[in-house]
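Enquirer: All letters in the sequence shown, in the order written, are residues 221 to 412 by this note's numbering. Cβ coordinates follow ideal geometry from the N, Cα and C atoms, glycine included. Provided herewith is a single structure, encoded as structure tokens, for subsequent inquiry.
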Amino acid sequence: MKYTATLIAATACTASAFTTTSAIRQSTALNLKVGETAPDFSLVDQNGKTFTRSKNKKPLVVYFYPADSTPGCTVQAKEFQKEIQSIRKEFKADVVGISGQGAESKQKFAKELGLDFSILADEGDAVRNSFKVPKALFGALPGRVTYVLDKDGVCQLAYDNLTDAASHIGKAKNALAEMTPVASGKKNFGLF
221 MKYTATLIAA TACTASAFTT TSAIRQSTAL NLKVGETAPD FSLVDQNGKT FTRSKNKKPL
281 VVYFYPADST PGCTVQAKEF QKEIQSIRKE FKADVVGISG QGAESKQKFA KELGLDFSIL
341 ADEGDAVRNS FKVPKALFGA LPGRVTYVLD KDGVCQLAYD NLTDAASHIG KAKNALAEMT
401 PVASGKKNFG LF
């Protein structure tokens, strides 16, 4: 059973090598919608610390990914790691990644990549399900969706793209930029 789950997740993270995004699924019919308040959750990170969404009082990027230590998911985590300091400095925001593997897997994955942000263990997919993250490939694979939440937990972006793992960081930073006031007090609509 564990082997099957790992095989399915690995396939999700390498799906772009075999098919196009539109062939997999681009529907966001099930996702948490822009303007909705994200569900509260508490999960343990790679360091054994509990992260609770409602205790976070700043903008937050929440990205769901299929599995630790798989090719596409590694690319995605590396992209977020490259930008984590600018996200914290420019937008006063933070990032958490979530997948269904346990704390031991999270610890290994974070150490391998030198991650400076929390990746959270959602064993049983309760949080994934509460965010209504759709599955891909006819329900066989966990989806890859990034949400940007404002400081009150209201969804400002729901970006669903399984195959282009690297694209999630740009979409997240654009949404954060749109939420960030500039010195004049107006929203910043610049693109990255």
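Please return the same chain residues whose Cβ sits closer than 7 Å to the Cβ of residue 431, not counting the five positions on each side in sequence.
Expert: Within the shown structure, residues of the chain are numbered from 221 to 412, placing residue 431 beyond reach of any answer.
Enquirer: Is residue 282 helix, strand or coil by DSSP?
Expert: Here residue 282 sits in strand by DSSP.
Enquirer: Please report how far the alpha carbon of residue 315 lies from the alpha carbon of residue 306, in whole angstroms.
Expert: Approximately 11 Å, taken between the alpha carbons.
Enquirer: Nearest-angstrom Cα distance between residue 343 and residue 287?
Expert: Answer to the nearest angstrom: the Cα atoms are 11 Å apart.
Enquirer: Starting from residue 378 and walking both ways along the beta strand (DSSP E), at which residues does that stretch end?
Expert: Run containing residue 378: 375-380, per the beta strand (DSSP E) assignment.
Enquirer: In angstroms with no decimal places, state the Cα-to-Cα distance between residue 295 and residue 387.
Expert: Their Cα atoms are separated by approximately 10 Å.
Enquirer: For residue 259, which three-state DSSP category applies?
Expert: Coil at residue 259, not helix or strand.
Enquirer: Cα separation between residue 269 and residue 290?
Expert: Near 24 Å, if we compare the C-alpha coordinates of residue 290 and residue 269.
Enquirer: Out of curiosity, what's the CA-to-CA distance linking residue 318 and residue 400?
Expert: Rounded to the nearest angstrom, the two C-alpha atoms are 25 Å apart.
Enquirer: Which complete beta strand (DSSP E) runs does the region 331-357 hold, if anything under 3 residues is left out?
Expert: With a minimum length of 3 residues, the continuous beta strand (DSSP E) runs that stay inside the region 331-357 are 338-341.
Enquirer: Enumerated in chain order, which unbroken segments of the alpha helix (DSSP H) with a length of 4 residues or greater are wholly contained in the region 274-319?
Expert: Here the runs fully enclosed are 291-311.
Enquirer: Using the beta-carbon count (16 or more within 10 Å), is residue 303 buried or exposed?
Expert: So residue 303 counts as buried.
Enquirer: Measuring alpha carbon to alpha carbon, tell me which of 276, 323 and 367 ends up nearest residue 256.
Expert: Of the listed residues, the one whose Cα sits closest to residue 256 is 367.
Enquirer: Can you name, in chain order, every residue of its own chain whose Cβ lies under 6 Å from the Cβ of residue 300, other than the five neighbours on each side?
Expert: These residues qualify, in order along the chain: 315 and 389.
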